[in-house]
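Enquirer:
Residue numbers (this note's numbering), protein chains in the order written: chain A, 1 to 114; chain B, 1001 to 1116.
1. For residue 1107 of chain B, would you say it is in contact with chain A, using Cβ-to-Cβ distances shorter than 7 Å as the test?
2. Can you tell me the Cα-Cα spacing of residue 1056 of chain B and residue 1106 of chain B, whole angstroms?
3. Against residue 139 of chain A, what residues of chain B qualify as contacts under a CB-to-CB distance less than 7 Å, listed in chain order?
4. Might you give, ordered along the chain, the residues of its own chain that have their beta carbon closer than 8 Å to the beta carbon of residue 113 of chain A, omitting 5 neighbours on each side?
5. Go ahead and pull the three-state DSSP assignment for residue 65 of chain A.
6. Run through DSSP, which three-state label would residue 85 of chain A get?
7. Let me see if you follow: with CB-CB separation under 7 Å, is residue 1051 of chain B close to chain A or not?
8. Could you spell out where the beta strand (DSSP E) holding residue 42 of chain A opens and where it closes?
9. Determine the closest residue to residue 1038 of chain B out of B/1080, B/1061 and B/1087, with distance taken between C-alpha atoms.
10. So, with DSSP's three-state summary, where would you put residue 74 of chain A?
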């Protein structure tokens, strides 16, 4: 079975600092995709970043970047220059092949402190 | 933002009553999903649809049914609500199925349901 594990239920970071959120996953597929979603207090889910497993280069979107370690099945999210607006729940998700929907982790609640 | 709305946004109901939540999209996306979100469980898939009148069960489908008679609408029904169904419900859409690496899902704003 495909699973996604986020081992940090809660984290905090000072404004302007850098924080890394962890995600590990398990899949028997070789081609798959990984996502990070952000859910602010408004509750709307927002796609932050995605990574194709066949690409060695780590994805980057402005202040957000990932550290994708395929052999270790690890997909961490790094947020640089943290801002108060980054306060949210962050979900890691796996798109495994097999024509079935995304598998989500349980989320990490991030608080950015002024 | 993708055009997804959910109604109602908040609902309080009593145990044993039927409840229907509606998800409406203006993106003409083929795939639609219903999730529930609970503390300690993250997002769990209830049902999904891969086309008009084509639906399938997710991880936590017991006690729920769905219908999709039009591309733009996906209804979630709790036939007889129970307190364990108190949750926040999210609808999501995508224009590609899972497994092809293009499943960027777009989520609605959520519906908070309280079953007393």
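Virtual Cβ for every residue (Gly too), placed ideally from N, Cα, C.
Expert: Quick answer:
1. As a working mapping, residue 1107 of chain B is identified with position 107 in the second chain. Yes, residue 1107 of chain B lies at the interface with chain A (some Cβ there is under 7 Å from its Cβ).
2. Residue mapping note: residue 1056 of chain B aligns to position 56 of the second chain, counting from 1. Residue mapping note: residue 1106 of chain B aligns to position 106 of the second chain, counting from 1. Looking at the two C-alpha atoms, the distance is approximately 19 Å.
3. The structure shown does not extend to residue 139 of chain A, since chain A spans only 1 to 114, so no value can be given for it.
4. Residue 113 of chain A sits at position 113 when you count from the first residue of the first chain. Excluding residues within five positions, the ones whose Cβ falls inside 8 Å are 12, 13, 14 and 15.
5. Against the first chain, residue 65 of chain A aligns to sequence position 65. Residue state, collapsed to three classes: strand.
6. Along the first chain, read from residue 1 onward, the residue named residue 85 of chain A stands at position 85. Looking at residue 85 of chain A - three-state DSSP - the assignment turns out to be helix.
7. In the second chain, counting from the first residue as 1, residue 1051 of chain B sits at position 51. Not one chain A Cβ lies under 7 Å of residue 1051 of chain B.
8. Working through the first chain from its first residue, we reach residue 42 of chain A at position 42. From DSSP, residue 42 of chain A is part of no beta strand (DSSP E); its letter is neither H nor E.
9. Taking the first residue of the second chain as 1, we reach residue 1038 of chain B at position 38. Nearest option by C-alpha distance: B/1087.
10. For the purposes of this step, residue 74 of chain A is identified with residue 74 of the first chain, where counting begins at 1. Note: residue 74 of chain A maps to strand in three-state DSSP.
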